[in-house]
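For what it's worth, the working numbering labels the leading residue of the sequence shown as 234, then goes sequentially.
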Amino acid sequence: MVTIADGNVITRLNQDDRPVYFQVKNANGGRILCNLALPTVGGFLNLQSGGEQLQWTFNAIFSAFISKLDVTRSVFNELPTQANMGNNSISYDAVDTFEVHVKIRNLSNSALSGINIVENVREYFDFVDVTASQGSFSQSGKTLEFNDISLGANSEIEIIYRLSTPEAGSGMHE
234 MVTIADGNVI TRLNQDDRPV YFQVKNANGG RILCNLALPT VGGFLNLQSG GEQLQWTFNA
294 IFSAFISKLD VTRSVFNELP TQANMGNNSI SYDAVDTFEV HVKIRNLSNS ALSGINIVEN
354 VREYFDFVDV TASQGSFSQS GKTLEFNDIS LGANSEIEII YRLSTPEAGS GMHE
């Protein structure tokens, strides 16, 4: 049985008294209501066995209410109409260059400075270049660092860098 240590339970299941709707007590002055009927894989039951799906879902949903800074990543790739692709829509039989967009949002009413973003590129991708950034940029192996970023109150910026897949005949494809 999973219990809610830091929340006020509003509704429980009749069959086994599990909490399904509760209010988080420590929400940095805000109010967070959690409804465990969210459509998450594994949901509340997987918490008992160390599952993290529900935790990550809540983190994503509530981060805008309890953090001053929000960082999201998206991958963009223009694909030809006839291309062999893996499940992630990145070509696997030819070198393919794609963009990673890192959107940084200041959710507070005050300016923020000294923001540092570190991106670790997987071994099966090659770094190409940075096409949009603020502050300073450095690269050490597969680690990309964007430093000294400043954001005005309630504003956002976007960092864009490009990666490529290895050539079809390379050892990475084996």
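Glycine included, each C-beta is placed from N, C-alpha and C at the ideal position.
Inset, instruction - Would you please state the rounded distance, in angstroms, between the beta carbons of Asn339 and Gly385? I believe it to be under 8 Å. - result: So it is a contact: roughly 7 Å between Cβ atoms.
Inset, instruction - Rounded to whole angstroms, what's the CA-CA distance from Val235 to Arg251? Just pull it up for me. - result: Low local confidence applies: a pLDDT of 49 at Val235 is under 50, so the model's placement there is unreliable, with the coordinate-based value given in what follows. Val235 and Arg251 have their alpha carbons spaced roughly 7 Å apart.
Legend entry - Rounded straight-line distance, which links the Cα of Val328 to that of Pro399: Going from the Cα of Pro399 to the Cα of Val328 covers about 6 Å.
Inset, instruction - Answer with buried or exposed for Ile392, where buried requires no fewer than 16 other C-beta atoms within 10 angstroms of its C-beta. - result: Its Cβ being crowded by 16 or more others within 10 Å, Ile392 is buried.
Legend entry - Of the listed residues Gly404, Ala344, Val335, Thr364, nearest to Ser388 (C-alpha basis): Of the candidates Gly404, Ala344, Val335, Thr364, the one whose C-alpha sits nearest the C-alpha of Ser388 is Ala344.
Legend entry - Top-ranked residue by Cα proximity to Ala365, from Phe358, Tyr357, Gly404, Ile382: Of Phe358, Tyr357, Gly404, Ile382, the residue nearest in Cα terms is Ile382.
Inset, instruction - Might you give, ordered along the chain, the residues of its own chain that have their beta carbon closer than 8 Å to the beta carbon of His334, omitting 5 neighbours on each side? - result: Answer for His334: Arg306, Ser307, Val308, Phe309, Glu391, Ile392, Ile393, listed in chain order.
Legend entry - Spatial neighbours of Gln367 in its chain, beta-carbon cut-off 7 Å, leaving aside the 5 residues before and after: By the criterion of a C-beta distance shorter than 7 Å, Gln367 is surrounded in its chain by Ile382, Ile390, once the five residues flanking it on both sides are discounted.
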